[in-house]
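Reviewing the structure listed below.
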């Protein structure tokens, strides 16, 4: 552990649960964190951590990944399944540095990670960030609860309600800014993983495609050689049997070729989706990024949903394509989820469709994402872009997708419109300045 103390470090009073199978590291961290006025509890494995978390209810948990018995990822998953400990932020400590491992930590419910050997200055900084974030979230929750109580008593006091709403909105904005940073880090990790996967499978897949092409040519040469060898007097049934076998082999080789070309197409889409961000103010067209994003979503829903892309106009505009890709991904995935929700009603004649259209309208470039899913209740249209608002079951969505999308489009000087009726699908229009 690196003992580099940050200058003027200040942390709010809190209880930290340290979990690691190394007593040496636990004792060293404990002594350092004490100097910042933090209360520290120790656990040496996952089972002990689960027990202490339930009993002590710490403000934050520093959790080692590689432990005997229950590893850090599973420990975190169990903490998030427990209603009593679900809200406790978990920061992973790990010597694993692959993007896949970091992404696994985020998927398990972690809010951050520290790479071993840990630097005490970084530990204190991360702890401070997430303690402040949690304090802001608690303040927001308390403010929302207080607002609800006031509304019940002061329904006629419009001025009082307005003041409460302004304070709640201010606290909400602080949480949104902090959550935006965390979501961006997770999206960046996913982009790095996509680029890594594309790189790892690209060359082997090219080799497989070339080998399959060569095999197809050699198969036909071998067929002609056998028939010449058999001669004109060969038994007809034997020749027919050989022909059937060669037909079957050709079909199998064709299947291999189709599969490898499909994988290469996915690699191209991953590469486009994960491409490094363009400099602010660069000119780019959106047709190919939208196509790549749709193909990525189609790979998951292709058996249940029809996809259509119509590009009427594709001029270059000043934009940041990777940031806009997040918007298109959110809108297309939301459309698919709405279709799945309607399909669950059991109508055998229902066929889900997602249509995306890119076109120019006056001095704006428009992207329309339309579906025939469950639609949006009229009473919810004014809330769907609010941070943390979601109609999904608990644990299935953060409620940040549309809020983040609106923020990105707003950064580009554009706007997002929605048109929907319950049971009749929804149409989202992203309008960007030319």
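In UniProt numbering, the protein residues as written are 1 to 434. For each residue, glycine too, the CB sits at the ideal point set by N, CA and C.
Q) What is the DSSP secondary structure of residue 93, counted as helix, strand or coil? A) The count along the chain shown starts at 1 and reaches residue 93 at position 93. In the structure shown, residue 93 sits in a strand (DSSP, three-state: E or B).
Q: Check whether the stretch 327-344 touches the stretch 279-298, taking contact to mean three or more Cβ pairs, one atom from each stretch, closer than 8 Å.
A: yes
Q) Between residue 105 and residue 344, what straight-line distance do the alpha-carbon atoms span, to the nearest angstrom? A) What you label residue 105 is simply residue 105 of the chain shown in a count that begins at 1. What you label residue 344 is simply residue 344 of the chain shown in a count that begins at 1. So the alpha carbons of these two residues sit roughly 32 Å apart.
Q. By DSSP, does residue 227 sit in helix, in strand, or in coil?
A. As a first step, residue 227 must be located in the chain shown, where it is residue number 227. Three-state DSSP puts residue 227 in a helix.
Q) What residue range is occupied by the uninterrupted alpha helix (DSSP H) comprising residue 321? A) Mapped onto the chain shown, residue 321 falls at position 321. It spans 321-343 - the alpha helix (DSSP H) in which residue 321 sits, taken as one unbroken run.
(Q) Please report the straight-line C-alpha distance between residue 24 and residue 119, rounded to a whole angstrom. (A) Position 24 of the chain shown holds residue 24. Position 119 of the chain shown holds residue 119. Taking the straight line joining both Cα atoms gives about 15 Å.
Q.
Using the three-state DSSP reduction, which class does residue 36 fall into: helix, strand or coil?
A. The count along the chain shown starts at 1 and reaches residue 36 at position 36. Residue state, collapsed to three classes: coil.
Q) So who's on the other strand from residue 366, going by DSSP bridges? A) Counted from its first residue, the chain shown places residue 366 at position 366. In the DSSP output, where bridge partners are listed per residue, residue 366 has 359, 431.
Q | Extent of the continuous alpha helix (DSSP H) to which residue 55 belongs | A | Here residue 55 corresponds to residue number 55 of the chain shown, with the count starting at 1. Here the alpha helix (DSSP H) through residue 55 covers 46-56.
Q) Cβ of residue 41 within 8 Å of Cβ of residue 17? A) On the chain shown, residue 41 is found 41 positions in, with the first residue counted as 1. On the chain shown, residue 17 is found 17 positions in, with the first residue counted as 1. Yes, the Cβ-Cβ distance between residue 41 and residue 17 is below 8 Å.
Q: Measuring alpha carbon to alpha carbon, tell me which of 65, 108, 80 ends up nearest residue 93.
A: Taking the first residue of the chain shown as 1, we reach residue 93 at position 93. Checked all of 65, 108, 80; the closest Cα to residue 93 is 65.
Q.
I need the straight-line Cα distance from residue 219 to residue 233, nearest angstrom please.
A. Against the chain shown, residue 219 aligns to sequence position 219. Against the chain shown, residue 233 aligns to sequence position 233. In a straight line, the C-alpha of residue 219 is about 23 Å away from that of residue 233.
Q. With respect to the beta strand (DSSP E) encompassing residue 19, which residues constitute its N-terminal and C-terminal limits?
A. Against the chain shown, residue 19 aligns to sequence position 19. Residues 15-19.
Q. Would you call residue 370 buried or exposed, if buried means 16 or more other Cβ atoms sit within 10 Å of its Cβ?
A. Within the chain shown, the letter at position 370 stands for residue 370. Buried, by the Cβ-count rule.
Q: For residue 12, I'd like the list of residues in its chain whose CB is within less than 6 Å of its CB, leaving aside the five on either flank, ordered along the chain.
A: As a working mapping, residue 12 is identified with position 12 in the chain shown. Same-chain partners within the cutoff: 131.
Q) Leaving out the 5 sequence neighbours to the left and right, which residues in its chain are closer than 6 Å to residue 420 when beta-carbon positions are compared? A) Your numbering for residue 420 matches position 420 in the chain shown. Correct list, in chain order: 375, 376, 426.
**Q.** Residues that residue 98 bridges to, as DSSP identifies them
**A.** One-based indexing of the chain shown puts residue 98 at position 98. Answer by DSSP bridge pairing: none, since residue 98 is not bridged.
Q: For residue 244, I'd like the list of residues in its chain whose CB is within less than 7 Å of its CB, leaving aside the five on either flank, ordered along the chain.
A: As a position in the chain shown, residue 244 is number 244, starting the count at 1. There are no such residues.
Q: Give every residue of the same chain whose Cβ lies closer than 6 Å to the Cβ of residue 372, excluding the five residues on either side of it in the sequence, and list them in chain order.
A: In the chain shown, the residue the question calls residue 372 occupies position 372. For residue 372, where only same-chain residues beyond five positions count, the Cβ hits under 6 Å are 353, 425.
Q. How about residue 126 and residue 91: are their beta carbons less than 8 Å apart?
A. One-based indexing of the chain shown puts residue 126 at position 126. One-based indexing of the chain shown puts residue 91 at position 91. In this structure, residue 91 lies closer than 8 Å to residue 126 by Cβ.
Q) What is the DSSP secondary structure of residue 172, counted as helix, strand or coil? A) Locating residue 172 in the chain shown gives position 172, counting from the first residue. Low confidence applies to residue 172: its pLDDT is 46, below 50, so where it sits in the model is not reliable, and the reading given next is rough at best. Helix at residue 172.
Q | Sequence-distant residues of its chain with Cβ nearer than 6 Å to residue 3 (five each side left out) | A | Locating residue 3 in the chain shown gives position 3, counting from the first residue. At residue 3, the pLDDT of 49 sits below 50, so the modelled position is not reliable and the matter cannot be decided from this model.
Q) Using the C-alpha atoms, what's the distance from residue 351 back to residue 423? A) Residue mapping note: residue 423 aligns to position 423 of the chain shown, counting from 1. Residue mapping note: residue 351 aligns to position 351 of the chain shown, counting from 1. When rounded, the distance between both Cα atoms is 13 Å.
Q. Can you give the Cα-Cα distance for residue 140 and residue 147, rounded to whole angstroms?
A. Position 140 of the chain shown, counting from 1, holds the residue named residue 140. Position 147 of the chain shown, counting from 1, holds the residue named residue 147. Answer to the nearest angstrom: the Cα atoms are 10 Å apart.
**Q.** Buried/exposed call for residue 431, threshold 16 Cβ in 10 Å
**A.** On the chain shown, position 431 is the one that residue 431 refers to. The residue in question, residue 431, is buried, as its Cβ has 16 or more Cβ neighbours within 10 Å.
Q. With distances taken between CB atoms, is the gap from residue 368 to residue 309 smaller than 8 Å?
A. Counted from its first residue, the chain shown places residue 368 at position 368. Counted from its first residue, the chain shown places residue 309 at position 309. In this structure, residue 309 does not lie closer than 8 Å to residue 368 by Cβ.
Q: Report the partner residues of residue 310 according to the DSSP bridge assignment.
A: Walking along the chain shown from the start, residue 310 turns up at place 310. In DSSP, residue 310 forms a bridge with 357.
Q.
Could you check if residue 81 belongs to the surroundings of the ligand GTP, using beta carbon to heavy atom distance under 7 Å?
A. As far as ligands go, the structure on display features none, and thus does not contain the ligand GTP.
**Q.** Rounded distance between the beta-carbons of residue 60 and residue 14, thought under 8 Å
**A.** Mapped onto the chain shown, residue 14 falls at position 14. Mapped onto the chain shown, residue 60 falls at position 60. Yes, they are in contact, since the Cβ atoms of residue 14 and residue 60 sit about 6 Å apart, within 8 Å.
Q) Can you name, in chain order, every residue of its own chain whose Cβ lies under 8 Å from the Cβ of residue 22, other than the five neighbours on each side? A) Sequence index remark: in the chain shown, residue 22 carries index 22 (1-based). Closer than 8 Å at the Cβ level, and outside the excluded window around residue 22, lie 64.
Q) Under a Cβ-count criterion, where at least 16 other Cβ atoms within 10 Å of its own Cβ denotes burial, should residue 247 be classed as buried or exposed? A) Mapped onto the chain shown, residue 247 falls at position 247. Under this definition residue 247 is an exposed residue.
Q. DSSP three-state call for residue 413: helix, strand or coil?
A. The count along the chain shown starts at 1 and reaches residue 413 at position 413. Here residue 413 sits in coil by DSSP.
(Q) Less than 8 Å between the C-beta atoms of residue 46 and residue 77, yes or no? (A) Taking the first residue of the chain shown as 1, we reach residue 46 at position 46. Taking the first residue of the chain shown as 1, we reach residue 77 at position 77. No, Cβ-Cβ distance for residue 46 and residue 77 is not below 8 Å.
Q. So residue 439 and residue 79 are in contact, right, with Cβ under 8 Å, and what is the actual spacing, rounded?
A. Residue 439 lies beyond the stretch modelled for the chain, which goes from 1 to 434, so this question has no answer here.
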